[in-house]
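Protein chains in written order, with this note's numbering: chain A, 2 to 594; chain B, 412 to 484.
C-beta atoms are modelled at their ideal positions from N, C-alpha and C, and glycine is treated no differently.
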């Protein structure tokens, strides 16, 4: 039953990926249209056409730039409808092409109107990180004064929390501190209102342990840590500190750590040498504060217990030197945007980035800490350990977290970076023949992904190598022709295992010996005992499965079997066999025994 | 742990603001349960209270001094 489910999921996934894939190529926004007149059309005629368009559609076409005159490249403001009308009109004959002038956006800049005042988010390099993840699926517990759902938290997801001060489920803020801290972690972003937060697609878990006055007992805080760990929080932020060493607290922190929760705490605001509790406990990431110039903030603790630094700001000289989020007014309880300062503000920056790192696939608290430290921007002269590993860098952290892990995102980025997602490439490049190749690679990735849901394994280069070798080869190499060199080595490198039997001759009819379960079967048998190369064999089996399945649908020509039903049946049967042996080989050995 | 501290009342800008007592010997205490008379920046006072080692706060500016009695100087 499970197997059937996996298979159905695979087929569904393949088609889903295909529909998405094509969508990616055609998506994109534009507010103008490019007209490229043929060079053979005389200038006077172009001028007349331009005038006609201007009159008919009430627009004013213009040359793209002063360099466009020789190419006759004109730009017209307009939308989809105008594009359709222009393409239908007689103009099409006189132009080389009429196409949307797609807008390119380098980075994700949110539309929140006061984002420009958040120097702190630019300081941690957040925009590039958002290109990869916004923290979706991760839960951040905010152990603080509670969280009030102010307007700029309306689109942020919440999970059940608890108020340990008043012993009730609803952990509403009556101070303002917790709501501000929560805003830094996950303020609703790209909602056209207020300001932005770091991991704005993450869930918030409000845990109130500090009273309206701003203090709370260690016993409540320890309970809140356990609550968070038991209720599937991924990250805990504690913008609080003080008191003495406590066995109870240390145990709660160790408990959370064992459950895989990353615990982050503020270093303290007394400008002292060494962080306060809980930041100084083992298994807690202690965060010192920097101001807008990147210097240690005047109040921040430093020295022992500081693992990393992040923006905490300073409102001493100027309010705008603080951290801006939406919170509540302490007196009235009404929502306000306010600048706060403190290591309390620095800590949620790290919590937000830890959420992004976890969302990128790094789960163990020690590994998350390693990623945060390694990716931090080092500070050369730091004899007093003001900054720990350095300044927090969200983009570098996410990049490092994704390194070595092959995700669909990487794959699509690879396609995009190599130009495969550009519409022009497909139309003008004569590259339509590459489409089946891309399908084969996507299919093999999907297969591996589904298999991983049943037998968790880590992505490795050997597996990826197998996937590519089995499904498509380095297919872009096939388009390379170099003077006076034979082309067949490129064809071979650019071919998958099933195609090796026919590619040297340059035929497109598959050789049934190669396009079958035979080679992956032999590879699995030979390599099963080797811990690394075993994954190459599994990858190649999955890749071949995908290659054969796509061939069965798109070009089922097999030598000796024709290109009809028999060839299709042969290819599908072998694809299933390949998937079957990959599944068997991926099974942990104790399950086989 | 009971303690008597003499110093100046300060409003420190952490969170929405915290009442602190900057002692004459340089240590800053966070005041807990400060009555209205002590909630005035610049006031000189001698405060007797308890150092709460079992309490953490959002201000993190120093030991938490829970006010029992005080004298304005």
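Residue 253 of chain A vs residue 281 of chain A beta-carbon contact at 9 Å | It is not a contact, given that the beta carbons lie outside the stated cut-off.
Residues of chain B with a CB under 9 Å from the CB of residue 219 of chain A: which are they?
-> Residues of chain B passing the Cβ test: 464, 465, 466 and 467.
Given a limit of 9 Å on CB to CB distance, which residues of the segment 199-219 of chain A reach chain B?
-> Cβ contacts with chain B: 210, 211, 214, 215, 216, 217, 218 and 219.
How about residue 357 of chain A and residue 200 of chain A: do their beta carbons lie closer than 9 Å?
-> It is a contact, given that the beta carbons lie within the stated cut-off.
Chain A contacts made by the segment 437-448 of chain B, where a contact means CB separation under 8 Å | Residues of the segment 437-448 of chain B whose Cβ lies closer than 8 Å to any Cβ of chain A, in chain order: 439, 441, 443 and 444.
Check whether the Cβ atoms of residue 345 of chain A and residue 255 of chain A lie closer than 9 Å to each other.
-> No, the Cβ-Cβ distance between residue 345 of chain A and residue 255 of chain A is not below 9 Å.
Does residue 222 of chain A come within less than 9 Å of chain B when only Cβ atoms are used?
-> Taking CB atoms only, residue 222 of chain A has a neighbour in chain B less than 9 Å away.
Note down the Cα distance separating residue 303 of chain A from residue 146 of chain A, rounded to an integer number of angstroms.
-> Cα-Cα distance, rounded: 25 Å.
So is residue 342 of chain A in contact with chain B if we call contact Cβ pairs under 9 Å?
-> True, the Cβ-Cβ gap to chain B drops below 9 Å.
How would you write the range of the alpha helix (DSSP H) that residue 463 of chain B sits in, first residue to last?
-> Counting along the chain, residue 463 of chain B falls outside any alpha helix (DSSP H), and DSSP gives it neither H nor E.
Using beta-carbon positions only, say whether residue 536 of chain A and residue 463 of chain A come within less than 9 Å of one another.
-> Result yes, Cβ atoms of residue 536 of chain A and residue 463 of chain A sit closer than 9 Å.
Is any beta-carbon of chain A found at less than 9 Å from that of residue 429 of chain B?
-> Closer than 9 Å to some Cβ of chain A, the Cβ of residue 429 of chain B qualifies, so yes.
Excluding the five sequence neighbours on either side, which residues of its own chain have a C-beta within less than 8 Å of the C-beta of residue 582 of chain A, listed in chain order?
-> Around residue 582 of chain A: 518, 521, 522, 525 and 542.
Helix, strand or coil: which one does DSSP assign to residue 474 of chain B?
-> Three-state result, residue 474 of chain B: coil.
CB contact flag (residue 444 of chain A, residue 547 of chain A, <9 Å) = Yes, these two residues count as a Cβ contact at 9 Å.
Could you tell me the distance, in whole angstroms, from the CA atom of residue 292 of chain A to the CA atom of residue 318 of chain A?
-> Here the alpha carbons of residue 318 of chain A and residue 292 of chain A stand approximately 11 Å from one another.
Find out if the Cβ-Cβ distance for the pair residue 129 of chain A, residue 196 of chain A is shorter than 9 Å.
-> At least 9 Å separates the beta-carbon of residue 129 of chain A from that of residue 196 of chain A.
Which residue comes first and which comes last in the beta strand (DSSP E) that contains residue 206 of chain A?
-> First-last of the beta strand (DSSP E) with residue 206 of chain A: 204-209.
Take residue 341 of chain A and list the residues in its own chain whose beta-carbon comes closer than 6 Å to its own, dropping the five residues that flank it on each side.
-> The beta carbon of residue 341 of chain A sits closer than 6 Å to the beta carbons of 181, 323 and 324 from its chain, once the five residues preceding and following it are set aside; these are given in chain order.
So, using beta-carbon positions, are residue 165 of chain A and residue 222 of chain A closer together than 9 Å?
-> It is a contact, given that the beta carbons lie within the stated cut-off.
For residue 388 of chain A, name the three-state secondary structure that DSSP assigns.
-> In the three-state reduction of the DSSP assignment, residue 388 of chain A falls in the coil class, being assigned neither a helical nor a strand state.
Buried or exposed (CB count within 10 angstroms, at least 16 for buried), residue 441 of chain B | Answer is buried; the Cβ neighbour count reaches 16.
Bridge partners of residue 246 of chain A, per DSSP?
-> Looking at the DSSP output, residue 246 of chain A bridges to nothing.
Would you report the Cα separation of residue 127 of chain A and residue 103 of chain A, rounded to the nearest angstrom?
-> Put simply, the backbone Cα of residue 127 of chain A is about 25 Å away from that of residue 103 of chain A.
Chain-ordered neighbours of residue 240 of chain A on chain B, where CB pairs are closer than 8 Å = Chain B residues near residue 240 of chain A: 469.
At 8 Å on the CB atoms, spell out the chain A contacts of residue 420 of chain B, in chain order.
-> The contacting residues do not exist; residue 420 of chain B stays about 15 Å from chain A at best.
Kindly indicate if chain B contains any beta-carbon less than 9 Å away from that of residue 595 of chain A.
-> Nothing about residue 595 of chain A can be reported from this structure: the residues present for chain A run from 2 to 594 only.
How about residue 389 of chain A: is its C-beta nearer than 9 Å to some C-beta of chain B?
-> No, because no Cβ of chain B sits closer than 9 Å to the Cβ of residue 389 of chain A.
Contact belief for residue 467 of chain A with residue 540 of chain A at Cβ below 8 Å, rounded distance in angstroms | With 8 Å as the limit, residue 467 of chain A and residue 540 of chain A qualify as a contact, their Cβ atoms being about 2 Å apart.
Would you kindly work out how many angstroms separate the C-alpha atoms of residue 361 of chain A and residue 369 of chain A, rounded to a whole number?
-> Rounded to the nearest whole angstrom, the CA to CA distance from residue 361 of chain A to residue 369 of chain A is 10 Å.
Residue 492 of chain A versus residue 586 of chain A: straight-line alpha-carbon distance, rounded | Whole-angstrom Cα-Cα distance: 30 Å.
Residue burial classification, residue 480 of chain B (beta-carbon count within 10 angstroms, cutoff 16) | Per the 10 Å Cβ criterion, exposed.
State whether the segment 223-230 of chain A contacts the segment 374-389 of chain A, with contact taken as three or more CB pairs (one from each stretch) at a distance under 8 Å.
-> By the Cβ rule, the segment 223-230 of chain A does not count as touching the segment 374-389 of chain A, because fewer than three pairs are nearer than 8 Å.
Backbone CA spacing between residue 183 of chain A and residue 258 of chain A [nearest angstrom] = Cα-Cα distance, rounded: 21 Å.
Would a check of beta-carbon distances place residue 475 of chain B closer than 9 Å to chain A?
-> Using a CB distance cut-off of 9 Å, residue 475 of chain B counts as an interface residue toward chain A.
For residue 1 of chain A, which residues of its own chain have a beta-carbon under 6 Å away from its beta-carbon, when the five flanking residues on both sides are left out?
-> Given a span of 2 to 594 for chain A in the structure shown, any question on residue 1 of chain A remains unanswerable.
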